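In the numbering used here, the protein residues as written are 16 to 273. As structure tokens, the structure follows; a few thoughts come after it.
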Ligand SMILES: NC(=O)c1ccc[n+]([C@@H]2O[C@H](COP(=O)([O-])OP(=O)(O)OC[C@H]3O[C@@H](n4cnc5c(N)ncnc54)[C@H](O)[C@@H]3O)[C@@H](O)[C@H]2O)c1
């Protein structure tokens, strides 16, 4: 898919993986809209790369519908959706204070899984109505962001892992259904990438995580995630698949369960 001039929506575009991907898309000539609940941070990135910043909580149905309407009225129908907005919350199922509050679980599912689907359905609707872009009759592409926690969830990651497992499982049925419109659906499952979400962890924890990589033993860079996203967009044969982006990292079972 030729990127120049295409309308792209990047959720979570105010920070980390979303900001890096938005920057790469803008550099490639896309018309980029950043959807983020942190409007002031999104505006800083938008001003820097010549994008449109839109305040939006992706778990909010009507706010997200309004955000996609604004993006398409400014840039035309969405052709590329990069779903990067997400939250992390570490809580045990049974902690020192008793069972995990159900709302804590629901909140993570609501943003990471329901929010991803919410944006997917709205972007797909716009793409399905748009003209084909090339000789394959491609109309658009959706790239969701899961995590290796979908496969190797750690202690305290029940909610996060469940949410990302849902994003992984969404990939194939969505790709099968949306193929009829010429829309591809892909998913990236990152390992440990140096973004504000990860850099907030203590150094010792980051070092321990990095040691689980095969090679290279370092944090991934947001620009490397963006490089993969652009490569997926540009390669029409990638569809319905989850790509681990983790330097061969496999998380071990914990030494102790308490
Ligand atoms: N950084 C990593 O190592 C790593 C690893 C695996 C998966 N991921 C996933 O990658 C994605 C991006 O993570 P990141 O590291 O760039 O995080 P980040 O915290 O740097 O950025 C996340 C962005 O999402 C926005 N956001 C959060 N909830 C939102 C909501 N409800 N509506 C709209 N915007 C919302 C935040 O404001 C922020 O700008 C997340 O889905 C995360 O789970 C990250």
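Don't be surprised by glycine CBs; every beta carbon is placed ideally from N, CA and C. Please read all numbers here as calculations on a predicted model, not as lab measurements.
Cβ-heavy atom distance, residue i to ligand 1, below 7 Å
i	result
residue 52	yes
residue 25	no
residue 162	yes
residue 59	no
residue 134	no
residue 127	yes
residue 180	no
residue 218	no
residue 71	yes
residue 31	yes
residue 264	no
For residue i, three-class secondary structure by DSSP
i	result
residue 110	strand
residue 46	strand
residue 131	helix
Opening and closing residue of the beta strand (DSSP E) in which residue i lies
i	result
residue 67	67 to 70
residue 259	257 to 260
Straight-line gap, residue i to residue j (C-alpha atoms, nearest Å)
i	j	result
residue 158	residue 25	10 Å
residue 128	residue 231	30 Å
residue 53	residue 105	22 Å
residue 153	residue 87	18 Å
residue 35	residue 46	15 Å
residue 23	residue 242	15 Å
residue 49	residue 137	15 Å
residue 254	residue 63	32 Å
Start and end residues, alpha helix (DSSP H) containing residue i
i	result
residue 202	Taken as a continuous stretch (DSSP letters only), residue 202 belongs to no alpha helix (DSSP H), being part of the beta strand (DSSP E) at 198 to 205.
residue 241	237 to 249
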